[in-house]
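Take a look at the structure below.
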Amino acid sequence: MALSSARWTALLPLLAASALGCGDDEPETPALTTLSIPFEARVGTQPFACGQRYLGLGTTKTAYDPQDFRMFVHDVRLVSDTGQEVPVSLTADGVWQAEGVALLDFANTAGLCSNGTSQINTQVVGTVPEGTYRGLRFRLGVPFALNHLDVSTRPPPFDDASSLYWGWKTGYLFLRIDGRTTGLPGGYFMHLGSADCAAPPAGQTSGTAGCEFPNRPEIALEGFEPGTGKVVVDLAALLADANLDVNADVPNTSLGCMSQKEDPDCTPIFHRMGISMDKQAPAPSAQSFIRVE
């Protein structure tokens, strides 16, 4: 039955009120706020600095002279007071951050640190919805989709082909910590990256079809509060169970630890990062070298 014009006129205010009521029920989009997450490199209780000698590292309590200390992070999230993970949108700055990845650089050119530049970067910057947060989570490394591209065409911070990139198949060094010790004056090198990577996919001449050991550890830090908290990366804690004065005599392995599953020098360091050297078994414990203060 058709409604008369009079009845339509009578219904119009009710329909308008109903429409307004529906709009009021829609949740408001929370405002975004800029967030700076400070990172501090330490060696035990001492601040990390190139040109400084540190004593008592590793199982032999060796002397240690830094040569490099850099790492990539991505997939940065805050944890709300209700336990929800909220992604942090990293701000591209043309130097340290791009495409959701940040390079933290604790090494200038003082002392034996000759690989990098005089600049350092000790923060991750991005935006996040306003709210109350009680934790921080992120992953070390470069995500797979960005890890096997042509470094010669990549923007900063992905353009360092000489000291932070292994090659097409393996990709970037996610974490590079180099230092000279009493027993290894030529240097003890700790390089984290993906390992046992396959050849390029069919029809491609570069990249990889996948890596058996992605080696991108998840870092979960409870109690981080934006604005007051900071992330501490402790080199002494990472190397605490490693013999930094002797390189394992295993054929075809590198000096120190360069993420080879055959290298026993990697086992104690990987365990401190919460990574298993056996893809069939989980890590024996959670990471224990990054903490929040």
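Under mature numbering (1 follows the signal peptide of the UniProt record, and there is no 0), residues -21 to -1, 1 to 272 are what the sequence shown spells out, in order. Where is the CB? At the ideal position from N, CA and C, for every residue including glycine.
### Task
Quick one: grab the DSSP three-state call for H250.
helix
### Task
Check whether the Cβ atoms of G110 and P9 sit closer than 8 Å, and answer yes or no.
Against a cut-off of 8 Å, the Cβ pair of P9 and G110 comes out as a contact.
### Query
Can at least three beta-carbon pairs, one atom from the segment 80 to 95 and one from the segment 43 to 56, be found at a separation below 8 Å?
At 8 Å Cβ cutoff, the stretches touch.
### Task
Consult DSSP for F203 and reduce its assignment to one of helix, strand or coil.
coil
### Message
Using only CA atoms, which one of T160, G165, S173, G73 lies nearest to L152?
### Response
S173
### Query
Mapping DSSP to helix, strand and coil, what is A215?
helix
### Message
Just to confirm my understanding: we take T106, look at its own chain, exclude 5 residues before and 5 after, and list those with CB closer than 6 Å. What are they?
### Response
Correct list, in chain order: L11, T13, S68.
### Message
Out of R195, D129, T41, which one is the CA nearest neighbour of V121?
### Response
R195
### For A260, the first and last residue of its enclosing beta strand (DSSP E)
Here A260 belongs to no beta strand (DSSP E), and DSSP marks it neither H nor E.
### Task
Let me know if G(-1) comes out buried or exposed under the rule of 16 or more other beta-carbons within 10 Å of its beta-carbon.
At G(-1), the pLDDT of 49 sits below 50, so the modelled position is not reliable; the number obtained from the coordinates is stated separately. Label assigned to G(-1): exposed.
### Query
What are the partner residues of S93, as DSSP defines its beta bridges?
Bridge partners of S93: none, in fact.
#### Entry: Inter-residue CB distance, Q266 and I198 (contact presumed, cutoff 8 Å)
The distance from the Cβ of Q266 to that of I198 is about 6 Å, consistent with a contact at the 8 Å cut-off.
#### Entry: Own chain residues within Cβ distance below 6 Å of residue 298, not counting five before or after
Since the displayed the chain opens at -21 and closes at 272, residue 298 lies outside it and no answer follows.
### Query
Ordered along the chain, which non-local residues of its own chain (more than five positions away) have a Cβ less than 8 Å from that of E241?
V229, N231, T232
### Task
Flag this pair as yes or no: are the beta carbons of L223 and T41 separated by less than 8 Å?
yes
### Message
For a test of the three-state rule: what should DSSP assign to A177, helix, strand or coil?
### Response
Taken through DSSP and simplified to helix, strand or coil, A177 comes out as coil.
### Query
In chain order, what residues of the same chain have a beta carbon less than 8 Å from the beta carbon of L234, not counting five sequence neighbours either side?
L163, G165, G166, Y167, F168, N226
### Where L171 sits in the DSSP three-state scheme
strand
### Task
Have a look at A20 and T96 and give me their C-alpha separation to the nearest angstrom.
17 Å
### Query
So the beta strand (DSSP E) L11 belongs to, where does it begin and stop?
11 to 22
### Message
Check whether the segment 186 to 194 and the segment 25 to 39 are in contact - that is, three or more C-beta pairs closer than 8 Å.
### Response
Counting Cβ pairs under 8 Å, fewer than three are found: no touch.
### Message
Within 10 Å of its beta-carbon, does V65 have 16 or more other beta-carbons around it, so buried, or fewer, so exposed?
### Response
exposed
### Task
Label T187 either buried or exposed according to how many other C-beta atoms from any shown protein chain fall within 10 Å of its C-beta, with 16 as the threshold for buried.
buried
### Query
Using DSSP with H/G/I as helix, E/B as strand and the rest coil, what is residue 292?
Residue coverage of the chain in this structure runs from -21 to 272, which leaves residue 292 outside it and unanswerable.
### CB contact flag (L218, I248, <8 Å)
yes
### Query
Leaving out five residues before and five after R270 in sequence, what residues of the same chain have Cβ atoms less than 6 Å from its Cβ?
V211
### Task
Closer than 6 Å by C-beta to A(-3): which residues in its own chain qualify, once you throw out the five before and the five after it? Chain order, please.
Only weak support is given to the placement of A(-3): the predicted model assigns it a pLDDT of 48, under 50, and the value that follows is read from those uncertain coordinates. Result list for A(-3): empty, nothing under 6 Å.
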